[in-house]
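Data first, discussion second: the structure below is written as structure tokens.
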Amino acid sequence: MATVNPMSAKTTQPEILLAGEPVHKRFGGAGGAFRDENLDLLSRVLDTWFRIPGTSIRFGLDGIIGFIPGVGDFLAGAASCIIVLAAFFRGVPLVTIARMVTNLVIEVGVGMVPVLGNLFDIGWRANRRNYHLLESSLYGPARDTWRDWMFMGLLALGLIALAMLPFLLLLWISRVMVHDVRTW
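Okay, so the sequence shown: first residue is 7 according to the numbering used here, each after it adds one.
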């Protein structure tokens, strides 16, 4: 019978996180929920898990859940937010996170259109796009982000133009009404 010396038994020490330590070590480390393998699997399950037999068309739960009236697009969008949240906690630059959020907004916004929106979800694959943005941001070679900033600038200009449409429409309607009053 073997005896065990209690003095030589290993004791587990708590993990000490230093103030300057990157956040991604806490959430993307060996046991973290935001590990690459988990996020890759999530993006595949949501976007490309199933294949239509005899074709190369792939779709995931995101496309299926979207058919549930009322809550489908909300649930799919909530599941998609996990990848964006992981990117934030792992230290991805904010401009890349903004691109990821834009991908989700496009997917959820267009996905609200019955049937055609679900077909768009299958083709757009926002979760795969976002996972690749996360991966290239963390592990890719250092790259210039001018394309990211250009994308965000164009998006901001588009949103400003979209926000101005109601005012321009109101101006046009008031002009027509004033013209009609003068000619009356």
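For every residue, glycine included, the Cβ atom is placed at its ideal position computed from N, Cα and C. Computed from a prediction, not measured in an experiment: that's the story for all the values here.
Are the beta-carbon atoms of residue i and residue j separated by less than 9 Å?
{"i": "A85", "j": "E113", "result": "no"}
{"i": "L47", "j": "G66", "result": "no"}
{"i": "I71", "j": "D79", "result": "yes"}
{"i": "R64", "j": "F56", "result": "yes"}
{"i": "R105", "j": "S49", "result": "no"}
{"i": "D127", "j": "D68", "result": "yes"}
Which word fits residue i, buried or exposed, when buried means at least 16 other C-beta atoms lie within 10 angstroms of its C-beta?
{"i": "S62", "result": "exposed"}
{"i": "Y145", "result": "exposed"}
{"i": "A93", "result": "buried"}
{"i": "G117", "result": "buried"}
{"i": "V90", "result": "buried"}
DSSP state of residue i, grouped into three classes?
{"i": "F73", "result": "coil"}
{"i": "R57", "result": "strand"}
{"i": "E27", "result": "With a pLDDT of only 48 at E27, under 50, the local geometry of the prediction cannot be trusted, and the value read off the model is given with reservation. In the structure shown, E27 sits in coil (DSSP, three-state: anything other than H, G, I, E or B)."}
{"i": "F126", "result": "helix"}
{"i": "R41", "result": "coil"}
Which two residues bound the contiguous alpha helix (DSSP H) that contains residue i?
{"i": "A92", "result": "78 to 95"}
{"i": "W152", "result": "152 to 189"}
{"i": "A104", "result": "100 to 117"}
{"i": "R135", "result": "132 to 145"}
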